[in-house]
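These notes are about the structure you will find just below.
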Amino acid sequence: MKKIWNYLRHHLKEDFHLLQYTSLAAFIAFGLFINYTFNLENGFLDKQVGVFKVFCFFLTYATAYYVALSTYTFFRNEDAFWSDRIFWRKSLLVLIILSIDCSMPYVREVIAYFFHEDLQRWVYKVGNNILSQMIIMIPLLLYYYKFDRTEKHIYGLKPDRFNVRPYFIMLAIMIPLIAIASIEGSFGRQYPMYKPSGAHIYLGIPEWVTAGIYELVYGLDFVTVEYLFRGFMVIGMAHVLGRKCILPMITAYCFIHFGKPMGEAISSIFGGFILGVVALETRSVWGGIIVHMGIAWLMEIAAYLSKH
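Quick look at the structure:
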């Protein structure tokens, strides 16, 4: 834990600018206010269809990402990256991937066409996570082997140095906090992410099998989340942006939580910042994967215990 604290202290010493950080915090707070007051994601973005839905998500995330970077230009007169072709190629790629992943156009329609109604809900939840992994991992790995393979880190999948102990300590600290959160009404409405369906009856198998399959792919989805945000958006962008890669990443990361309870969206800012700085310093995403996947499964377990 001491090493993680030193990473954070060093990053803030190098990057912190009071007026810039305060202004960005105000922008994020404004985004949270708009979303949770007017139900932006659940009430508008998710109700769009097709390519227009992808465009709406792209506009939302691009605004978050580029506004955060603009604070470096406005407050610190740092603007060289705006004319960097690699910056635009990478940032547009990751924002397009993120927008497709979060909008998933036509998936419900395809599932409704091919699967029995008793299976549709379960297939959508499982298939959505598997498809998400493909949408994120395949293009980013292809980009790495085409343009960045000399870096040797594979955007954090191949770290130079990695110690698992601090991350399991962080998970242990989270256990009582998750236990307390599980008694709140909003937590129970959101979790567990697996919701009972008729899939196990239709397939003629025990429900723990359908629940277990879902929980497995749900947990694995956090590998791709870490790979995109802490891998590509931090480690992959570091040679273009340096320490400037952290703030736009956490802003976009907060915005992708707009469909979840407000407390989760707010906590994602701090969690994303810590995991982003650790990834930047260690050139590894495995710490984030351990923490993120572990918290997700702990929240599922807490929700199951709370309900039963």
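Just so you know, we're using this note's numbering here: the sequence shown kicks off at 283 and counts up by one.
All C-beta atoms in this analysis are idealised placements derived from N, C-alpha and C, irrespective of residue type, glycine included.
Remember, predicted model here, so these are calculated numbers, not experimental data.
Beta strand (DSSP E) runs wholly inside the segment 503-574, at least 3 long, in chain order:
None, since the segment 503-574 contains no complete beta strand (DSSP E) of that length.
Quick check: the segment 525-535 against the segment 344-357, are at least 3 beta-carbon pairs closer than 8 Å?
Touching, yes.
Would you say I378 and M456 are within 8 Å of each other, going by their C-beta atoms?
Pairing I378 with M456 gives a Cβ-Cβ distance that is not under 8 Å.
Looking at V559: is its Cβ nearer than 8 Å to the Cβ of L374?
Taking the C-beta atoms as reference points, L374 is found no nearer than 8 Å to V559.
In chain order, what residues of the same chain lie with their CB nearer than 7 Å to the CB of R512, ignoring the 5 residues before and after it?
In its chain, beyond the 5 residues on either side, G438, L557, G558, A561, V567, G570 have a beta carbon closer than 7 Å to the beta carbon of R512.
Mapping DSSP to helix, strand and coil, what is L327?
Three-state result, L327: helix.
For Y395, count the other beta carbons within 10 Å of its own beta carbon; 16 or more makes it buried, fewer makes it exposed. Which is it?
Exposed, since its Cβ has fewer than 16 Cβ neighbours within 10 Å.
8 Å Cβ shell around I412 - same chain, five flanking residues per side excluded
Closer than 8 Å at Cβ, skipping near neighbours: V499.
Does the segment 304-320 come close enough to the segment 534-552 to have 3 or more Cβ pairs within less than 8 Å?
Yes: at least three Cβ pairs fall under 8 Å.
Please list the segments of the beta strand (DSSP E) lying wholly inside the segment 347-427, counting only runs of 3 or more residues, in order along the chain.
None, since the segment 347-427 contains no complete beta strand (DSSP E) of that length.
Member of D503, I286, K526 whose CA lies at the smallest distance from the CA of G409
The option with the nearest alpha carbon to G409 is D503.
Mind checking V333: buried by the 16 CB within 10 Å criterion, or exposed?
That one is exposed.
Tell me the DSSP secondary structure of M475 in three-state form.
M475: coil per DSSP, three-state reduction.
With H, G and I counted as helix, E and B as strand and the rest as coil, what does DSSP make of V446?
Per DSSP, reduced to three states, the secondary structure at V446 is coil, with no helix or strand assignment.
Cβ contact (3+ pairs, closer than 8 Å) linking the segment 379-398 and the segment 460-474
Here the segment 379-398 makes no contact with the segment 460-474; the two share fewer than three CB pairs at distances below 8 Å.
Distance, Cα to Cα, K434 vs L341?
Taking the straight line joining both Cα atoms gives about 32 Å.
K542: which of G470, L401, E360, L422 sits nearest, CA to CA?
Checked all of G470, L401, E360, L422; the closest Cα to K542 is G470.
May I have the straight-line CA-CA distance separating I368 from G554, to the nearest angstrom?
I368 and G554 have their C-alpha atoms some 24 Å from each other.
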